[in-house]
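Participant: Dropping the structure in here first, questions after.
Protein chains: 2
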Amino acid sequence: MPKIGLKLREMRRRRDLSVRELAARSGISHSTISLIERDKMSPSIDTLSAVLDALGTTLPGFFSDLQSSLPYTPFYGAEDLVEIGKAETISYRVIGLNHPNRQLLMLHETYAVGADTGEAFAHAAQEAGMVISGAVEVTVGGQKKILKKGDGYYFDSRLPHCFRNVGEERSEILSAITPPTY
Amino acid sequence: MPKIGLKLREMRRRRDLSVRELAARSGISHSTISLIERDKMSPSIDTLSAVLDALGTTLPGFFSDLQSSLPYTPFYGAEDLVEIGKAETISYRVIGLNHPNRQLLMLHETYAVGADTGEAFAHAAQEAGMVISGAVEVTVGGQKKILKKGDGYYFDSRLPHCFRNVGEERSEILSAITPPTY
DNA sequence: TCACCTTGGTGAATATACTGAACAGAGGGC
DNA sequence: GCCCTCTGTTCAGTATATTCACCAAGGTGA
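Same order as they appear, the protein sequences are chains A and B. Anchor point for the first sequence: position 113 equals 113 in the UniProt record's numbering, and the numbering is continuous, going up by one each time. Anchor point for the second sequence: position 136 equals 136 in the UniProt record's numbering, and the numbering is continuous, going up by one each time.
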């Protein structure tokens, strides 16, 4: 009964992938993908999972739905981002603070030299991010690593975690947290 | 790959239904339900949907809290990010692709000169991001704006939207989408 | 023009999801 | 003791999901 074909096709086209490319990445035959996209058959959970994996999404993500909102301005200039941290040592600037029904906390974080978030707060959430300048030591659970420009992280916020700028200049991170608990 | 059997069995038992009762209500044979619950086979979307319907649930509801608790590492080096687009024109590199129960799609997007995401599709999600290099024209709903380094956006993905690199070099965006349905 | 690549789709063969009947075990009457 | 009904599982047969080889259309270059 569910008509997932169109949605899959849109996701594939959005990534500018051909049926055959997606087939190669997912390990599913191209004819199967063609049939699924035209709702000619109902794929098994395993095969759908494999295809979604190649598209960078998940079964929960694929099936989730939201209701949403009203007119607003989607753009936020660099000077419009709202500071929610201490600008001197650690700056947290929010993108889309007043977005209605906001379910995502997107932050531009700037750490002064030697700045440290201190010990961690435990939320039921997930967060990810990427270092865009400088060098940041990230501690998650027992694990610790120094991330530099282009390196990323993704972890469950219930694990104790903290960030420390170990570079010789300011460090910047772009991060996202969902749900937006703060 | 996904192990949905145990969860289904628990849901059925919580409702105090026998395999045969659930089979009668869902229109699926009892042997099929038995096999699914013991992870002996991967049901098609149609049959799973029918079973969930008899349990008073839906596909989105069933998958919304499907979690796997595998050991993982929270760090992702720049070279570990997985490409899910076409690297030449538009590159989408995922941070944390293998994260269990991932509810967030964090992307490092790189647009070649003149690259365009093409026609805009609506999907039920929210997304935010920030330009970290170059100049990108973002169109959301009727609205259009050129964003440069440090500028951000936040909008509901149900609005038609597209991105176009209008700079003279490659442009980069760091973005996040939840749920990971992009 | 031709050769050659890509695109997505189709039909026959195969693997697998799905069915209906038959099975073993646990109570419950009586 | 026997009979009946429930529980979940197993097995052979059937429907369908999945594959592989092939097809037709569109684009590119020589």
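From the three backbone atoms N, C-alpha and C, an ideal C-beta is built for every residue, glycine too. Source: prediction; values computed, not measured.
1. Cβ atoms of B:Ser-44 and A:Ser-42: under 8 Å apart, would you say?
2. How big is the Cα-Cα spacing for A:Lys-149 and A:Thr-57?
3. For the beta strand (DSSP E) containing B:Arg-164, list its first residue and its last residue.
4. Less than 8 Å between CB atoms is the rule here; does A:Arg-14 satisfy it with respect to chain B?
5. Over what stretch of residues does the beta strand (DSSP E) that includes B:His-108 continue unbroken?
6. Using 8 Å for Cβ pairs, my map puts B:Arg-9 next to B:Glu-37. What's the rounded Cβ distance?
7. Tell me the DSSP secondary structure of B:Gly-5 in three-state form.
8. So what's B:Asp-151 in DSSP terms, helix, strand or just coil?
9. Taking the beta carbon of B:Gly-142 as the centre, do at least 16 other beta carbons fall within 10 Å, making it buried, or is it exposed?
10. Could you tell me which chain A residues have their CB closer than 8 Å to the CB of B:Pro-160, listed as they occur along the chain?
11. When you compare the segment 19-35 of chain B with the segment 23-32 of chain A, are there three or more beta-carbon pairs, one atom per stretch, that lie closer than 8 Å?
12. For B:Gly-5, which residues of its own chain have a beta-carbon under 7 Å away from its beta-carbon, when the five flanking residues on both sides are left out?
13. Taking contact to mean 3 or more Cβ pairs, one atom from each stretch, closer than 8 Å, check whether the segment 101-115 of chain B and the segment 144-162 of chain B are in contact.
14. Which same chain residues, not among the five before or five after A:Val-19, have their C-beta less than 6 Å away from its C-beta?
15. Taking the beta carbon of A:Gln-67 as the centre, do at least 16 other beta carbons fall within 10 Å, making it buried, or is it exposed?
16. What does a CB cutoff of less than 8 Å around B:Leu-174 pick up in its chain, not counting 5 residues either side in sequence?
17. Measure the CB-CB distance between A:Arg-93 and A:Glu-137 and report whether it falls below 8 Å.
Facilitator: Let me lay it out:
1. Indexing the first sequence from 1 puts residue 42 of chain A at position 42. Indexing the second sequence from 1 puts residue 44 of chain B at position 44. It is a contact, given that the beta carbons lie within the stated cut-off.
2. Reading the first sequence from its first residue, position 149 is the one you call residue 149 of chain A. Reading the first sequence from its first residue, position 57 is the one you call residue 57 of chain A. A:Lys-149 and A:Thr-57: Cα-Cα distance of roughly 25 Å.
3. Working through the second sequence from its first residue, we reach residue 164 of chain B at position 164. Here the beta strand (DSSP E) through B:Arg-164 covers 161-165.
4. If you number the first sequence from 1, residue 14 of chain A lands on position 14. Taking Cβ atoms only, chain B reaches closer than 8 Å to A:Arg-14, which makes this a yes.
5. Translated into positions along the second sequence, residue 108 of chain B becomes position 108. 105-111 is the span of the beta strand (DSSP E), which, as asked, contains B:His-108.
6. Locating residue 9 of chain B in the second sequence gives position 9, where the first residue counts as 1. Locating residue 37 of chain B in the second sequence gives position 37, where the first residue counts as 1. The Cβ separation is near 4 Å, so the contact holds.
7. Taking the first residue of the second sequence as 1, we reach residue 5 of chain B at position 5. In the three-state DSSP reduction, B:Gly-5 falls in the helix class (H, G or I).
8. Residue 151 of chain B sits at position 151 when you count from the first residue of the second sequence. DSSP places B:Asp-151 in coil when its eight states are reduced to three.
9. Here residue 142 of chain B is taken as the residue at index 142 of the second sequence, counted from 1. So B:Gly-142 counts as exposed.
10. Within the second sequence, the letter at position 160 stands for residue 160 of chain B. Those do not exist, as B:Pro-160 stays about 11 Å from chain A at its closest Cβ, beyond 8 Å.
11. These segments do not touch.
12. As a first step, residue 5 of chain B is located in the second sequence; it is residue number 5 there, counting from the start. Cβ contact annotation for B:Gly-5 (same chain, cutoff 7 Å, sequence separation greater than five): Ile-36, Glu-37, Arg-38 and Asp-39, in chain order.
13. Because the criterion of three Cβ pairs below 8 Å is not met, the segment 101-115 of chain B and the segment 144-162 of chain B do not touch.
14. Numbered from its first residue, the first sequence carries residue 19 of chain A at position 19. Only residues of its own chain outside the window of five on either side were considered, and among them His-30, Ile-33 and Ser-34 have a CB closer than 6 Å to the CB of A:Val-19, listed in chain order.
15. Stepping through the first sequence from its first residue, residue 67 of chain A is reached at position 67. Bear in mind that the predicted position of A:Gln-67 carries a pLDDT of just 33, short of 50, making it unreliable; the figure below should be weighed with that in mind. So A:Gln-67 counts as exposed.
16. In the second sequence, counting from the first residue as 1, residue 174 of chain B sits at position 174. Only Met-106, Leu-107, His-108, Glu-109, Gly-129, Met-130 and Ile-132 meet the Cβ criterion.
17. Position 93 of the first sequence, counted from the start, is the residue given in the question as residue 93 of chain A. Position 137 of the first sequence, counted from the start, is the residue given in the question as residue 137 of chain A. No, Cβ-Cβ distance for A:Arg-93 and A:Glu-137 is not below 8 Å.
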